[in-house]
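**Q** In this text, residue positions in the sequence shown follow this note's numbering: the first is 425, and each later residue adds one. We put the CB at the ideal spot given by N, CA and C, even for glycine. Sending over a structure as structure tokens; questions will come in a sec.
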Amino acid sequence: MLLDIRFFADQPSFSPLPISALSGTGTGELLDLVCSGVSEDLHEEQDEDYVPAISIVGRPNVGKSSILNALVGEDRTIVSPISGTTRDAIDTEFTGPDGQKFRLIDTAGIRKRAAVASSGSTTEALSVNRAFRAIRRSDVVALVIEAMACITEQDFKIAERIEKEGKGCLIVVNKWDTIPNKNQQSAVYYEQDVREKLRILQWAPIVYATAISGHSVDRVIVAASEVEKERSRRLSTATLNQVVQEALAFKSPPRTRGGKRGRIYYCTQAAIRPPTFVFFVNDANLFPETYRRYMEKQLRKDAGFPGTPIRLLWRNRRKMGKMDGGGGKGSGGRAQLSLKSRGRKLALTS
């Protein structure tokens, strides 16, 4: 039986939400309304027992165990200048200054496979495997590099693994006290070098510390806490689509040689940890990698998410009203952006 919409409008317990499946108008508000009543209780229940895991990784002898010991205030791992003295991943419960609980995972130094093979050490080979497994079961990874040492290919490989696994990340520059003749610009120049050589982690905050003396080590936990918050953050569908509309207004998808152009109907956030966004489009093949990177860059510029990788998924959908970037159609035309501050840098200097 078909009922007139006025029947529902007259019911005191109903609040009709006008939408258009064809144009996409109101679909963002509908998704937010549906999720608000279901997901919040589920998230609260899950978050009650959720303790973020932080792994401390890096090449051998960069001071990973010293950082862990400085954080927890006691010698929980063997600290030695000899590479490979920390043979296993060791979990340590820790409560940050804001009351946030963490599980710290110290790992054996990660070396190139060739170096591990030539060393003939079965124990070290197992430690490397455990280190990568520690990254996989972590929520946030502290990638430790030594201030006076060059960033190597192996550092980049570790960074690649972190990004591939979708983990939050902060870069810890340890032994910062060994940099000679430091001034106010030293950290700026050093960051430029790190960003150039670890481009895959452009979004990762940098902490400068000296584990032996404990200088600025507390900032590791402060930064890790901020990173975890960003990994767990959700954008409303309306706000997200406003960001996308502004990006489209500034730069439209390119046309193919045949004159075809990609159209974005709407976008929604599908997951957190890491934040994952689904773009519903006319044809995913019409969006080249350069445009996808542009959209990610604009999303970060307007919405932030420092310290965490984000995932953009492109899905084909049947023909419907497109986003034209003019604030007309789509679910985000009325959203007000107040997210510029989210793009702030989390670089913490000494």
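Checking 7 angstroms against the spacing of the C-beta atoms, do residue 564 and residue 648 come in under that value?
**A** Mapped onto the sequence shown, residue 564 falls at position 140. Mapped onto the sequence shown, residue 648 falls at position 224. In this structure, residue 648 lies closer than 7 angstroms to residue 564 by Cβ.
**Q** Are residue 570 and residue 631 close, meaning C-beta to C-beta below 7 angstroms?
**A** As a working note, residue 570 is residue 146 in the sequence shown. As a working note, residue 631 is residue 207 in the sequence shown. At a Cβ-Cβ threshold of 7 angstroms, residue 570 and residue 631 do not count as neighbours.
**Q** In terms of residues, what are the limits of the beta strand (DSSP E) holding residue 570?
**A** Along the sequence shown, one-based indexing puts residue 570 at 146. First-last of the beta strand (DSSP E) with residue 570: 564-570.
**Q** Can you tell which of 525, 663, 677 has its C-alpha closest to the C-alpha of residue 474?
**A** As a first step, residue 474 must be located in the sequence shown, where it is residue number 50. It is 525.
**Q** For residue 574, count the other beta carbons within 10 Å of its own beta carbon; 16 or more makes it buried, fewer makes it exposed. Which is it?
**A** Reading the sequence shown from its first residue, position 150 is the one you call residue 574. Classification of residue 574: exposed, given that the 10 Å Cβ count is below 16.
**Q** From the DSSP output, read off the bridge partner residues of residue 691.
**A** Taking the sequence shown and counting its residues from 1, the one referred to as residue 691 is at position 267. Per DSSP, the beta bridge partners of residue 691 are 703.
**Q** From the DSSP output, read off the bridge partner residues of residue 632.
**A** Locating residue 632 in the sequence shown gives position 208, where the first residue counts as 1. In DSSP, residue 632 forms a bridge with 597.
**Q** Just to confirm the assignment, what range does the beta strand (DSSP E) spanning residue 739 have?
**A** Translated into the one-based positions of the sequence shown, residue 739 becomes position 315. It spans 735-740 - the beta strand (DSSP E) in which residue 739 sits, taken as one unbroken run.
**Q** So what does DSSP say about residue 573, is it helix, strand or coil?
**A** As a position in the sequence shown, residue 573 is number 149, starting the count at 1. For residue 573, the three-state secondary structure derived from DSSP is coil.
**Q** For the candidate residues 740, 641, 730, 678, whose alpha-carbon lies nearest to that of residue 706?
**A** Taking the first residue of the sequence shown as position 1, residue 706 is located at position 282. Out of 740, 641, 730, 678, 740 has the C-alpha closest to the C-alpha of residue 706.
**Q** To the nearest angstrom, how far is it from the Cα of residue 634 to the Cα of residue 597?
**A** By 1-based counting over the sequence shown, the position of residue 634 is 210. By 1-based counting over the sequence shown, the position of residue 597 is 173. If you take the alpha carbons of residue 634 and residue 597, they lie about 8 angstroms apart.
**Q** Let me confirm a value: residue 654 is counted as buried when at least 16 other C-beta atoms fall within 10 Å, else exposed. Which label applies?
**A** Against the sequence shown, residue 654 aligns to sequence position 230. Result: buried.
**Q** Please confirm whether residue 582 and residue 628 have their CB atoms less than 7 angstroms apart.
**A** Position 158 of the sequence shown holds residue 582. Position 204 of the sequence shown holds residue 628. The criterion of a C-beta distance shorter than 7 angstroms is not satisfied by residue 582 and residue 628.
**Q** Just to confirm my understanding: we take residue 636, look at its own chain, exclude 5 residues before and 5 after, and list those with CB closer than 7 angstroms. What are they?
**A** Residue 636 sits at position 212 when you count from the first residue of the sequence shown. So the qualifying residues of the chain are 490.
**Q** In this structure, does DSSP put residue 684 in helix, strand or coil?
**A** Mapped onto the sequence shown, residue 684 falls at position 260. Three-state DSSP puts residue 684 in coil, outside helix and strand.
**Q** According to DSSP, residue 481 sits in a beta bridge with which residue or residues?
**A** For this step, residue 481 is matched to residue 57 along the sequence shown. Looking at the DSSP assignment, residue 481 forms a beta bridge with 567.
**Q** With residue 476 and residue 652 assumed to form a contact (beta carbons below 8 angstroms), what rounded beta-carbon distance in angstroms separates them?
**A** For the purposes of this step, residue 476 is taken as residue 52 along the sequence shown, with counting starting at 1. For the purposes of this step, residue 652 is taken as residue 228 along the sequence shown, with counting starting at 1. Contact flag correct, Cβ pair sits at about 5 angstroms.
**Q** CA-CA distance, residue 694 and residue 657?
**A** Position 270 of the sequence shown holds residue 694. Position 233 of the sequence shown holds residue 657. One C-alpha to the other measures close to 12 angstroms.
**Q** Can you tell me whether residue 523 is buried or exposed? The criterion is at least 16 other CB atoms within 10 Å of its CB, across all chains shown.
**A** The residue you call residue 523 lines up with position 99 of the sequence shown. Label assigned to residue 523: exposed.
**Q** Pick helix, strand or coil for residue 642, following the three-state DSSP scheme.
**A** Translated into positions along the sequence shown, residue 642 becomes position 218. Assigned with DSSP and collapsed to three states, residue 642 falls in helix.
**Q** Is the distance from the Cβ of residue 585 to the Cβ of residue 559 below 7 angstroms?
**A** The residue you call residue 585 lines up with position 161 of the sequence shown. The residue you call residue 559 lines up with position 135 of the sequence shown. Going by C-beta atoms, residue 585 is nearer than 7 angstroms to residue 559.
**Q** Is residue 711 helix, strand or coil when you go by DSSP?
**A** Translated into the one-based positions of the sequence shown, residue 711 becomes position 287. Residue 711 falls in the coil class under three-state DSSP.
**Q** Any idea if residue 733 is buried or exposed, counting beta-carbon neighbours within 10 angstroms, 16 or more meaning buried?
**A** By one-based count along the sequence shown, residue 733 stands at place 309. Buried, since its Cβ has 16 or more Cβ neighbours within 10 Å.
**Q** What do you reckon, are the CB atoms on residue 727 and residue 667 nearer than 7 angstroms?
**A** Taking the sequence shown and counting its residues from 1, one reaches residue 727 at position 303. Taking the sequence shown and counting its residues from 1, one reaches residue 667 at position 243. Yes; because the gap between Cβ atoms is below 7 angstroms, this pair is in contact.
**Q** In the structure shown, what three-state DSSP assignment does residue 622 receive?
**A** For this step, residue 622 is matched to residue 198 along the sequence shown. In the structure shown, residue 622 sits in coil (DSSP, three-state: anything other than H, G, I, E or B).
**Q** Using only CA atoms, which one of 493, 623, 579 lies nearest to residue 484?
**A** Sequence index remark: in the sequence shown, residue 484 carries index 60 (1-based). Considering only alpha carbons, the answer is 579.
**Q** Pick helix, strand or coil for residue 516, following the three-state DSSP scheme.
**A** As a position in the sequence shown, residue 516 is number 92, starting the count at 1. In the structure shown, residue 516 sits in a strand (DSSP, three-state: E or B).
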